[in-house]
Amino acid sequence: MTMCELLKKIYDEVLVYEKDIVNRNKNVDKTVKEWLKPYQKILSDHDYNEFSEMIFSVVSMAEQTGFENGVRFAVKMLYSLLND
Numbered sequence: 000m001t002m003c004e005l006l007k008k009i010y011d012e013v014l015v016y017e018k019d020i021v022n023r024n025k026n027v028d029k030t031v032k033e034w035l036k037p038y039q040k041i042l043s044d045h046d047y048n049e050f051s052e053m054i055f056s057v058v059s060m061a062e063q064t065g066f067e068n069g070v071r072f073a074v075k076m077l078y079s080l081l082n083d
């Protein structure tokens, strides 16, 4: 298993169920829904649903990437501190 696969597994199966992460994700979802409201008025239902799914997919990828980058940074920093 690669580092990326391991981080994805940790994120998908453990981290997203942590209470504080669930609450943060709810806040992000609420904010995104607010941002999408104006588009609901100008797009057809079909186009709005596709647009909404695309935006939520990008947000989800960004959250996971942020987690992976944070873990990598923490590991590098810990390694650096232990080797000084």
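If you read the sequence shown in numbering that gives the first Met the number 0, its first letter stands for residue 0, the second for the next number, and so on. Even for Gly, the Cβ is constructed at its ideal location relative to N, Cα and C.
- The beta carbon of residue 55 sits closer than 6 Å to no other beta carbon from its chain once the five residues preceding and following it are set aside.
- Each of 32, 2, 46, 21 was checked against the Cα of residue 62, and the nearest Cα belongs to 21.
- In the three-state scheme derived from DSSP, where H, G and I count as helix and E and B as strand, residue 64 is classed as helix.
- The criterion of a C-beta distance shorter than 8 Å is not satisfied by residue 72 and residue 10.
- Following the DSSP letters along the chain, one finds residue 0 in no alpha helix (DSSP H), marked with neither H nor E.
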